[in-house]
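Notes follow once the structure below has been shown.
Chains as they are written, first to last, in the working numbering: chain S, 45 to 789; chain L, 2 to 234.
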């Protein structure tokens with residue numbers, strides 16, 4: 045028998061009655077609503093219902109994912125702060141910390157691509173500077189639908205402009221990322237944004253409030269009606285009517301965010317701050333509850349003091365607004381005036397909107413009425429948690445290379461592959477991002493990992509985002525492993541020591557056992573790879589319900605990795621450096637065609653088991669490559685991934701303008717050249733040193749072989765006519781600009 | 002060289018500029034907040050850096066051009082003081098009446114960040130004495146509104162008086178529409194005022210002064226200025 049006691053003190057006359065329909069519209073299932081009733085012993089007010097809806101949706105509560113996320117390795121020598129705060133924090137030496145996180149803004153970016161993507165970038169930047177870090181770089185991972193889908197061009201255009209529009213104005217370089225196309229993202233594109241910041245290790249700021257009676261200060265932009273229920277929208281599937289949800293997408297203001305950054309860092313430097321939390325998903329609600337709950341304190345808010353952009357906003361609207369560029373802070377009372385002066389100088393709103401209390405209650409007052417009275421700890425802690433049923437997908441057969449007929453010779457296949465949507469140059473995208481501002485970008489977009497100098501150097505961070513969704517779809521566990529290994533490999537290929545990752549897990553509806561199976565498999569794979577590679581997870585985000593009309597996206601656990609270079613002048617790039625250097629292939633090549641881009645885009649078959657990842661081999665080969673780079677032996681380095689050996693070779697040639705010729709005695713089979721076996725790299729060394737390097741590899745148990753020599757103006761594969769590097773480049777650069785101009789599909 | 006870097010809300014390349022001035026001259030520039038009514042005493046170079054002052058929500062540079070500090074810059078320039086205005090700074094200088102013309106949306110309507118080649122048109126100015134006339138330098142560009150436009154008479158006067166200091170060109174110095182990426186009139190990338198003491202340019206020489214970070218082609222501009230000021234002193 046459900047409790048239905050009404051607390052008249054919490055009722056506002058013109059508010060609707062709490063009906064099952066209204067409860068359902070708030071995304072709460074009947075059993076979840078019962079949990080609310082059990083917890084508070086009465087019927088909630090409308091504002092309270094809104095708060096439960098915001099706190100208990102998938103996006104904020106991680107109710108389907110939590111039990112699995114707990115299995116991930118989150119500790120390590122370098123870890124200062126793991127998951128659970130605004131962003132992860134790792135120690136990079138010299139008293140400095142790197143603060144970073146990746147987060148999705150998928151649903152808003154489909155409904156309103158420019159603003160959705162822009163506010164995604166804004167949100168993740170805020171997560172980083174909330175912790176006291178100055179952002180030094182952004183990256184992203186973008187997944188779009190089939191290029192032939194009528195909306196894809198519009199979405200690419202809007203999302204890219206939005207990512208650029210926000211980051212460029214805010215003043216942070218966007219240095220890297222991924223862009224992919226697949227029909228399974230039709231109607232549900234993914235926008236994953238990563239921000240990286242720098243702080244002093246002894247000046248990191250956290251969300252937990254401390255001290256009773258401390259002023260809670262509202263900072264930043266005013267509150268409007270935008271974004272109400274954004275987090276709930278992000279926790280539901282899409283259908284034809286989803287575009288009607290445009291009003292729930294927030295509007296970004298990078299100018300205000302830049303002011304907020306400068307003002308926050310200034311008051312942090314003046315030691316005014318006890319605790320700070322940005323207002324992201326579910327705005328004022330989430331931030332206030334989190335600060336209180338983490339500090340074992342109650343919070344009382346007075347909404348009459350909240351700076352509003354619009355008139356007559358109700359408590360419900362203010363508590364659920366997702367207006368951007370806002371912060372909540374607990375200040376040291378004696379610093380109130382000083383802090384206020386700093387915010388006024390930057391032209392930002394500053395208002396004391398509440399106090400911490402000893403009661404452990406979350407109280408909200410508005411126009412003389414008490415609108416909310418809830419137990420603060422339980423709002424977060426008692427959120428439902430599900431062990432959802434899951435099924436593992438059956439293992440797919442291993443495709444034998446002998447069973448794949450090559451539809452064309454190697455050369456034409458290579459030229460076709462590098463001109464496909466997934467492998468072609470993404471210059472059209474990253475040229476719209478300011479990737480050089482702040483003057484520290486050592487390696488720009490287009491390489492294996494971006495390299496960003498730390499302060500005046502010589503230290504630098506290597507940054508990369510990676511995942512191969514088609515592998516995850518074919519085998520969630522191996523795909524999860526591969527996403528981490530690929531990221532680790534990209535950082536290694538520039539000579540960095542990989543330190544830690546952030547994960548942004550994008551999946552379909554977790555209430556379907558097969559989707560939950562993908563999630564569980566990927567998380568297991570990620571965990572296993574992180575453990576084996578000593579590459580812990582320090583922050584992350586889960587985005588579920590990425591489905592449209594019942595069709596899920598490809599499982600897409602984006603991995604954002606950070607690595608450290610002690611001296612950035614020793615970092616390697618993928619471009620060939622000189623003629624007549626020996627090209628060495630590191631790692632074993634069996635010719636794994638299953639799930640390869642060659643099989644998909646040249647043979648038209650999206651089939652088979654993906655390449656397995658042997659983490660021991662991965663580490664051994666990577667460590668060898670890194671040491672060759674740091675010793676100065678390897679003059680260029682490149683990881684092998686999508687498209688395999690031939691594509692990697694072409695990329696090294698195109699980056700330099702120098703050609704290469706392969707030894708005639710090499711295998712000429714398509715599987716050798718386009719297979720996607722893991723744990724492989726190409727390096728170049730001075731020809732005279734090749735023998736010694738191969739001997740060292742052998743001694744280290746690392747498979748290595750000589751492929752050929754750099755030189756000339758063409759790439760020559762065995763038994764093939766030479767292809768001019770300029771011709772390769774033309775094909776590589778052509779597709780995306782032509783597509784965006786409407787010329788090709 | 003005693004430089005002053007102006008800071009407006011939304012400016013975001015002031016740190017890049019300050020670091021470069023320090024690298025080249027060895028002296029920290031003064032950072033001057035937009036509400037100031039005068040430049041620090043002894044300033045011999047005023048720099049308006051790049052960014053998105055006031056979010057560029059009105060016309061680029063329009064609000065910053067009306068800041069109190071810009072009165073100080075105008076009187077500094079009127080007395081012959083050197084002013085370097087880069088990117089958003091160029092837009093602000095145009096809006097403030099320090100330079101003629103206006104910067105419109107790029108020809109393809111997109112923000113573009115890429116290295117561009119600039120042909121240095123003359124070397125007998127304080128801003129370009131570190132280069133040779135006809136020399137081509139590579140510096141980064143990063144803007145959405147850098148398409149320089151002015152009326153026909155103004156363009157004719159700029160050209161006639163040799164006030165175009167930098168033009169977008171091919172790496173060999175030839176003018177070529179493919180390299181005039183923002184569609185600027187006559188491929189104009191940088192101009193000076195009639196007295197020759199205010200330079201506005203869209204690309205960012207301050208981002209190419211370290212070999213480790215790309216290239217040092219931007220050094221000449223700052224080294225030339227430092228040299229000019231040292232001789233004048």
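Cβ coordinates follow ideal geometry from the N, Cα and C atoms, glycine included.
Anything in the segment 208–221 of chain S with a Cβ closer than 8 Å to a Cβ of chain L? List those residues in chain order, please.
Cβ contacts with chain L come from 208, 209, 212, 213, 214, 215.
Give a yes or no on whether the C-beta atoms belonging to residue 776 of chain S and residue 349 of chain S are separated by under 8 Å.
At the C-beta level, residue 776 of chain S and residue 349 of chain S stay beyond 8 Å of one another.
Less than 8 Å separating the beta-carbons of residue 2 of chain S and residue 166 of chain S?
The question about residue 2 of chain S has no answer, for chain S in this structure spans 45 to 789.
Which same chain residues end up closer than 7 Å to residue 48 of chain S when comparing Cβ atoms and leaving out the 5 residues on each side of it in sequence?
Model confidence at residue 48 of chain S stands at a pLDDT of 46, short of 50, so the residue's coordinates are unreliable; what they give is reported in the following sentence. Shown here for residue 48 of chain S: same chain residues with a beta carbon closer than 7 Å to its own, the five before and five after excluded, namely 87 in chain order.
Among residues of its own chain, excluding the 5 on either side of residue 483 of chain S, which ones have a beta-carbon nearer than 7 Å to its beta-carbon?
Closer than 7 Å at the Cβ level, and outside the excluded window around residue 483 of chain S, lies no residue.
Among S/623, S/630, S/769, S/720, which has the Cα closest to the Cα of residue 732 of chain S?
Nearest in C-alpha terms to residue 732 of chain S, of all of S/623, S/630, S/769, S/720, is S/623.
Which full runs of the alpha helix (DSSP H) of 4+ residues lie inside the segment 75–111 of chain L, going along the chain?
With a minimum length of 4 residues, the continuous alpha helix (DSSP H) runs that stay inside the segment 75–111 of chain L are 89–96.
Of all the options S/556, S/529, S/426, which has the alpha carbon lying nearest to the alpha carbon of residue 106 of chain S?
Sorting S/556, S/529, S/426 by C-alpha distance to the C-alpha of residue 106 of chain S places S/426 at the top.
Is it buried or exposed, residue 175 of chain L, if we count other Cβ atoms within 10 angstroms and call 16 or more buried?
Residue 175 of chain L is exposed by the Cβ-count criterion.
For residue 481 of chain S, would you say it is in contact with chain L, using Cβ-to-Cβ distances shorter than 8 Å as the test?
Taking 8 Å as the CB threshold, residue 481 of chain S lines the interface with chain L.
Provide the residue span of the beta strand (DSSP E) that contains residue 262 of chain S, from first to last.
Start and end: 259–264.
Residue 9 of chain L versus residue 49 of chain L - alpha carbon distance:
Their Cα atoms are separated by approximately 9 Å.
From S/145, S/234, S/405, residue whose alpha carbon lies closest to that of residue 423 of chain S:
When each option's Cα is compared against that of residue 423 of chain S, the closest is S/405.
Close Cβ partners of residue 53 of chain L (< 7 Å) along its chain, the five nearest in sequence each way excluded:
Contacts found: 11, 13, 89.
I'd like to know whether the C-beta of residue 114 of chain L is nearer than 8 Å to at least one C-beta of chain S.
With a threshold of 8 Å between beta carbons, residue 114 of chain L makes contact with chain S.
Residue 371 of chain S to residue 431 of chain S span [Cα, whole Å]
Looking at the two C-alpha atoms, the distance is approximately 34 Å.
Less than 8 Å between the CB atoms is what I'm expecting for residue 336 of chain S and residue 253 of chain S, so what's the real figure, rounded?
Cβ-Cβ separation between residue 336 of chain S and residue 253 of chain S: approximately 6 Å, consistent with a contact (criterion under 8 Å).
Please decide whether residue 296 of chain S counts as near chain L, where near means a Cβ-Cβ distance under 8 Å.
Under the Cβ distance rule, residue 296 of chain S does not count among the residues neighbouring chain L, no pair being separated by less than 8 Å.
Contact criterion: CB-CB distance below 8 Å. Does residue 575 of chain S meet it with respect to chain L?
For residue 575 of chain S, not one C-beta of chain L is nearer than 8 Å to its own C-beta.
Around the C-beta of residue 615 of chain S, are 16 or more other C-beta atoms found within 10 angstroms, so that it is buried, or is it exposed?
With 16 or more other Cβ atoms within 10 Å, it is buried.
Would a check of beta-carbon distances place residue 17 of chain L closer than 8 Å to chain S?
Residue 17 of chain L has a beta carbon lying within less than 8 Å of a beta carbon in chain S.
Consult DSSP for residue 238 of chain L and reduce its assignment to one of helix, strand or coil.
No answer is possible for residue 238 of chain L: the residues shown for chain L start at 2 and end at 234.
Any idea what DSSP makes of residue 155 of chain L, helix, strand or coil?
Assignment of residue 155 of chain L by DSSP, reduced to helix, strand and coil, places it in the helix class.
Determine which residues of the segment 483–495 of chain S have a Cβ less than 9 Å from any Cβ of chain L, and write them out in chain order.
Shown in chain order are the members of the segment 483–495 of chain S whose Cβ falls below 9 Å from a Cβ of chain L: 483, 484, 485, 486, 488.
For a test of the three-state rule: what should DSSP assign to residue 729 of chain S, helix, strand or coil?
Here residue 729 of chain S sits in strand by DSSP.
Below 7 Å on C-beta distance, what does residue 668 of chain S contact in chain L?
By Cβ distance, chain L contributes nothing, its closest Cβ being about 26 Å from residue 668 of chain S, past 7 Å.
Here's a check: name, in chain order, each residue in its chain whose Cβ is nearer than 7 Å to the Cβ of residue 305 of chain S, leaving out the five neighbours to either side.
Excluding sequence neighbours, residue 305 of chain S sits near 173.
Residues bridged to residue 360 of chain S by DSSP?
Looking at the DSSP output, residue 360 of chain S bridges to nothing.
Only counting the same chain, and skipping five residues up and downstream in sequence, which positions put a Cβ closer than 6 Å to that of residue 344 of chain S?
Same-chain partners within the cutoff: 398, 399, 401, 407.
For a test of the three-state rule: what should DSSP assign to residue 228 of chain S, helix, strand or coil?
In the displayed model, residue 228 of chain S falls within a helix according to three-state DSSP.
Could you list which residues in chain S have their beta carbon closer than 9 Å to that of residue 53 of chain L, in chain order?
What residue 53 of chain L touches in chain S: 212, 213, 214, 215, 298, 299, 302.
Determine the direct distance from the alpha carbon of residue 41 of chain L to that of residue 99 of chain L, and round the result to whole angstroms.
Using only the alpha carbons, I get a separation of about 20 Å.
Inspect the beta-carbon positions of residue 498 of chain S and residue 140 of chain S and report whether they are closer than 8 Å.
Yes, they are a contact pair.
Interface flag, residue 106 of chain L vs chain S, CB-CB below 8 Å:
It does not; no Cβ of chain S falls within 8 Å.
Beta-carbon contacts of residue 114 of chain L that lie in its chain and below 6 Å, excluding the five residues immediately before and after
Contacts found: 143.
Spatial neighbours of residue 196 of chain S within its chain, please: CB distance less than 6 Å, with the 5 preceding and 5 following residues excluded, ordered by chain position.
Answer for residue 196 of chain S: 188, 189, listed in chain order.
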